[in-house]
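*Asks:* Numbering-wise, the working numbering puts 278 at position 26 of the sequence shown, and it's gapless, one number per residue.
No residue lacks a Cβ here, since even glycine has one placed at the ideal position from N, Cα and C.
Sharing a structure below in structure tokens format, with a few things to ask.
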Amino acid sequence: MNHFNINNKVQPVQPRKNQKLNNPGSKGNLQGQSFQGVLEKTLDQEVKFSKHANKRIHQRDVNVSPKDLKRIESGIDRASQKGIKETLILMDNRAFIASVDNRTIITASAKDELKEAVFTNIDGAVIV
């Protein structure tokens with residue numbers, strides 16, 4: 253605990269009640285997390301595409317612009333806030349399945365494949 257000196261009396265420095273100790277540039281409270289955990293969380297902020305997803309994107313001619321990528325990132329962030337682990341992200345006429353914890357797109361589909369589609373192994377959906 254840090255201390256400061258007033259009139260030669262040592263006083264402990266304590267946060268105000270109900271004050272969170274956050275790192276100003278980070279998301280969420282990092283107190284009590286290991287350095288490795290904080291590092292991994294920081295490095296994993298970018299959305300990745302699995303080999304399977306990349307293959308499907310090319311096969312199905314699914315276009316993903318930088319603006320679309322930001323929307324996908326937002327969807328993953330929203331899913332994470334709700335505790336979703338595997339999410340369906342619906343965006344315009346496209347669908348993406350993502351692993352929220354890994355911030356990885358697992359597969360992608362476009363217009364024609366969405367008709368009468370069944371999505372399994374998800375525990376939530378986000379529309380962006």
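1) Could you give the uninterrupted runs of the beta strand (DSSP E) lying entirely in the region 280–361, keeping only those of 3 residues or more?
2) Would you identify the three-state DSSP class for ASN254, choosing helix, strand or coil?
3) Give the C-beta separation of VAL314 and ARG355 to the nearest angstrom, bearing in mind that I take them to be a contact with Cβ-Cβ under 8 Å.
4) Would you mind stating whether ILE374 and THR359 have Cβ atoms separated by less than 8 Å?
5) Tell me whether ILE379 is buried or exposed, calling it buried when 16 or more other Cβ atoms sit within 10 Å of its Cβ.
6) Could you tell me the alpha carbon to alpha carbon distance between ALA369 and ALA362, rounded to whole angstroms?
7) In chain order, what residues of the same chain have a beta carbon less than 6 Å from the beta carbon of GLY327, not counting five sequence neighbours either side?
8) Are ASP364 and MET343 closer than 8 Å when you measure CB to CB?
9) Pull up the distance between the alpha-carbon of ASN306 and that of VAL316, whole angstroms please.
10) Could you check the C-alpha separation between LEU309 and ARG323 for me, to the nearest Å?
*Replies:* Straight from the coordinates:
1) The region 280–361 contains these whole beta strand (DSSP E) runs: 338–343, 346–351, 356–361.
2) Position 2 of the sequence shown, counted from the start, is the residue given in the question as residue 254. Because ASN254 sits at a pLDDT of 48, beneath the cut-off of 50, its placement in the model cannot be relied upon, and the point is left open.
3) Translated into positions along the sequence shown, residue 314 becomes position 62. Translated into positions along the sequence shown, residue 355 becomes position 103. Not a contact, Cβ separation roughly 18 Å.
4) By 1-based counting over the sequence shown, the position of residue 374 is 122. By 1-based counting over the sequence shown, the position of residue 359 is 107. Between ILE374 and THR359, the C-beta gap is not smaller than 8 Å, which leaves the two residues out of contact.
5) Counting from 1 along the sequence shown, the entry for residue 379 is found at position 127. ILE379 should be labelled exposed.
6) Residue 369 sits at position 117 when you count from the first residue of the sequence shown. Residue 362 sits at position 110 when you count from the first residue of the sequence shown. Distance between the alpha carbons of ALA369 and ALA362: 11 Å.
7) On the sequence shown, residue 327 is found 75 positions in, with the first residue counted as 1. Excluding positions up to five away in sequence, the list reads ILE341, VAL378, VAL380.
8) Residue mapping note: residue 364 aligns to position 112 of the sequence shown, counting from 1. Residue mapping note: residue 343 aligns to position 91 of the sequence shown, counting from 1. With respect to MET343, ASP364 sits apart: the two C-beta atoms are not nearer than 8 Å.
9) The residue given as residue 306 occupies position 54 in the sequence shown. The residue given as residue 316 occupies position 64 in the sequence shown. The straight-line gap from Cα to Cα measures roughly 11 Å.
10) As a first step, residue 309 must be located in the sequence shown, where it is residue number 57. As a first step, residue 323 must be located in the sequence shown, where it is residue number 71. What sits at residue 309 in the sequence shown is Ile, not Leu. Rounded to whole angstroms, ILE309 and ARG323 show a C-alpha spacing of 17 Å.
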